[in-house]
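Novice: Quick one: this structure, given as structure tokens, is what I'll be asking you about.
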Amino acid sequence: DNRTYEESINYMENEFARAEEFNPDYILLHYPKPVILDDNVDWSSWRFYDATEYYYESEISYKYFEERNRNFFKILSEQGKKYKFTPVLELDGLNRYVYETNLLEGLLDEYSNIKLCLDFGRIHIQDCIDENFKWQDIVRKFGRYTHLVHLWNAKADENGHYPALKSLKVEDGWGDMEQYFKVLNEVNDNYKVLFEHKSLLISDAELEECYQWIDELVNR
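This is the structure we're talking about:
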């Protein structure tokens, strides 16, 4: 919908201008938005606010997706430079337009002021539900563009945003945070971690253990 698209771009530009007085290091946006979903995957465990947040791959051609991306990256890069912030795209649900092509990598190389956010909780859940999605490939492919990691853990069939504890076992369905950081560190030694967990789910002692463990994983 072209009108909605233009309204969204104008809204973002107004927000960037409004945020300038706060001198933000980065401004984060979800990508892609709307999400493009593989028709063959059961997305019932994915959290969407409503049906306007996604399309199925069968509804959107790659050519159209590429065209919109090229326009969006140009605008976003210009806005980042104008208002002196780093645009950070948080990878949402991904389909083959992203992980089986070099489109996103090429745009990130062309517009080098734009960076990525890897959400390890989302990556784990999609790895569980999508047989074509391989977390190792995603982290290695996009790790060098990563400015930020959003960190929480989950099981694919349960509510997420549980703290990333060393005691959570992969064989019980939890994400392998140790391996995620290991692969990321192979391609990137300069990123931030934002804890997106629900800290009240665990004790203060467990929370401190979580922070200490993640600090060790980041700095290995």
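Position 82 (the sequence shown) corresponds to 151 in this note's numbering; numbering is contiguous. Each residue gets a CB set at the ideal place from its N, CA and C atoms; glycine is no exception.
Is aspartate 199 buried or exposed, if buried means 16 or more other CB atoms sit within 10 Å of its CB?
Specialist: Buried, since its Cβ has 16 or more Cβ neighbours within 10 Å.
Novice: First and last residue of the alpha helix (DSSP H) that includes isoleucine 192?
Specialist: Start and end: 189-198.
Novice: May I have the straight-line CA-CA distance separating alanine 233 from tryptophan 112, to the nearest angstrom?
Specialist: Taking the straight line from one Cα to the other gives about 23 Å.
Novice: Rounded C-beta distance between histidine 217 and leucine 263? I'm assuming under 8 Å.
Specialist: Reading the sequence as shown, one finds leucine at residue 217 and not histidine. Confirmed, Cβ separation roughly 6 Å.
Novice: Since valine 157 sits in a beta bridge, which residues does DSSP pair it with?
Specialist: Valine 157 pairs with Leu97, Lys184.
Novice: If you draw a straight line from the C-alpha of leucine 220 to the C-alpha of tyrosine 249, how long is it?
Specialist: For leucine 220 and tyrosine 249, the distance between alpha carbons rounds to 11 Å.
Novice: Kindly give me the distance between the Cβ atoms of phenylalanine 202 and leucine 185, rounded to whole angstroms, as I take these residues to be in contact under 8 Å.
Specialist: Not a contact, Cβ separation roughly 16 Å.
Novice: Indicate whether isoleucine 96 and alanine 88 have their beta-carbon atoms separated by less than 8 Å.
Specialist: Yes, these two residues count as a Cβ contact at 8 Å.
Novice: Closest by CA to asparagine 109, which one among Ile144, Glu147, Asp245, Arg165?
Specialist: For the residues Ile144, Glu147, Asp245, Arg165, the minimum Cα distance to asparagine 109 belongs to Arg165.
Novice: When the Cα atoms are used, what is the spatial distance from asparagine 125 to alanine 274?
Specialist: This sequence places tyrosine at residue 125; asparagine is not what is there. Their Cα atoms are separated by approximately 44 Å.
Novice: Taking the straight line between their C-alpha atoms, what separation do you get for aspartate 42 and lysine 235?
Specialist: Nothing about residue 42 can be reported from this structure: the residues present for the chain run from 70 to 289 only.
Novice: Since leucine 217 sits in a beta bridge, which residues does DSSP pair it with?
Specialist: Its beta-bridge partners are Cys186, Lys261.
Novice: Taking the C-alpha atoms as reference points, what is the distance between leucine 276 and glutamate 128?
Specialist: Their Cα atoms are separated by approximately 44 Å.
Novice: Quick check on the DSSP output: the beta strand (DSSP E) that includes tyrosine 168 runs from which residue to which?
Specialist: Careful: tyrosine 168 lies outside any beta strand (DSSP E), inside the alpha helix (DSSP H) at 165-168.
Novice: Using the rule of at least 16 other Cβ atoms within 10 Å of the residue's Cβ for burial, across every protein chain shown, is valine 239 buried or exposed?
Specialist: That one is exposed.
Novice: Just confirm the distance between the C-beta atoms of tyrosine 100 and serine 146, as a whole number of angstroms; I'd bet it's less than 8 Å.
Specialist: Wrong, their Cβ atoms sit about 14 Å apart, outside the cutoff.
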